[in-house]
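Residue numbers (the working numbering): 4 to 282.
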């Protein structure tokens, strides 16, 4: 599988220090106007989502792939064919309201526009999948440092040696994101993220990256390398870039996705997806 690095955009929070306090509507308006960059920390407390849109005759394969692989592909919404709207954000347009997109033909990346309208097709079915940026607000409140936000970088993401369960014509490896966590905060990181299964839930691995087939943490397949402080434990969560790895491996004729780290901001609060009744 060919690994592809995304266009280098600076994180939105480094471009405007007020970005964590933006409403989702304000964030989407800025993205619609052309602002691009990773969205960790933007509109803090709101749910962020990955995007993958495939032709209708591939939609069942994608839905089944997500159902069989719920950790990396937790479905929040599926659109009608050709529709750029979602119940997750009133008035939003999935063709314009993400910072940056990726356009794929036969498994090859052919464009990374900030406006997907010229590429959108009437037969596309869009899937919105929960994103781990959502639980970073909860991690931060629990005292877990978010190193990539502190360092003004995109979260590092890695293609693993773990195969996803195939579905129809779709197959591929799981992708994970990594956050370095001090050992005394590891329990909080696991607990807080596990309470939000709709945005990937708890980690899939902690510690030695070789356990996931990752050779070098300083060479992520997507995103940026992040400096680790002494004693930090690398903690890995399933990642919504996994469908892009499936696109590269399975080569559907066409797809549109978000650029890694540049997510769709929904109107939903993170609490809406939090498991209740658990302390």
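Every residue, glycine too, gets a C-beta built ideally from N, C-alpha and C.
Residue i to residue j span [Cα, whole Å]
| i | j | result |
| --- | --- | --- |
| residue 199 | residue 277 | 5 Å |
| residue 104 | residue 14 | 15 Å |
| residue 160 | residue 114 | 20 Å |
| residue 58 | residue 259 | 10 Å |
| residue 54 | residue 181 | 20 Å |
| residue 140 | residue 192 | 11 Å |
| residue 26 | residue 101 | 14 Å |
| residue 90 | residue 56 | 16 Å |
| residue 217 | residue 69 | 23 Å |
| residue 61 | residue 80 | 16 Å |
| residue 63 | residue 12 | 33 Å |
| residue 230 | residue 148 | 12 Å |
| residue 4 | residue 30 | Confidence in residue 4 is poor, its pLDDT being 47 and thus under 50, which makes the residue's placement unreliable; the coordinate value appears in the next sentence. Their Cα atoms are separated by approximately 34 Å. |
| residue 266 | residue 134 | 8 Å |
| residue 194 | residue 205 | 7 Å |
| residue 143 | residue 252 | 35 Å |
| residue 76 | residue 125 | 24 Å |
Per-residue burial, residue i [other beta carbons within 10 Å of its own, 16 or more giving buried]
| i | result |
| --- | --- |
| residue 41 | buried |
| residue 51 | buried |
| residue 37 | exposed |
| residue 120 | exposed |
| residue 171 | exposed |
| residue 183 | buried |
| residue 232 | exposed |
| residue 247 | buried |
| residue 222 | exposed |
| residue 250 | buried |
| residue 86 | exposed |
Extent of the continuous beta strand (DSSP E) to which residue i belongs
| i | result |
| --- | --- |
| residue 239 | 236–241 |
| residue 261 | 257–261 |
| residue 77 | No beta strand (DSSP E) contains residue 77, which DSSP labels as neither H nor E. |
| residue 132 | 127–133 |
| residue 57 | 49–58 |
DSSP three-state assignment for residue i, whether helix, strand or coil
| i | result |
| --- | --- |
| residue 231 | coil |
| residue 222 | coil |
| residue 96 | coil |
| residue 212 | helix |
| residue 117 | coil |
| residue 266 | coil |
| residue 111 | strand |
| residue 244 | coil |
| residue 13 | coil |
| residue 271 | strand |
| residue 277 | coil |
| residue 21 | coil |
| residue 250 | helix |
| residue 202 | helix |
| residue 105 | strand |
Extent of the continuous alpha helix (DSSP H) to which residue i belongs
| i | result |
| --- | --- |
| residue 143 | 136–144 |
| residue 43 | Per DSSP, residue 43 belongs to no alpha helix (DSSP H) and is neither H nor E. |
| residue 31 | 27–35 |
Report the start-end ranges of each alpha helix (DSSP H) in the segment 146–192 that is 4 residues or longer and not cut off at the edges. Unbroken alpha helix (DSSP H) stretches of 4 residues or longer found wholly inside the segment 146–192: 150–153, given in chain order.
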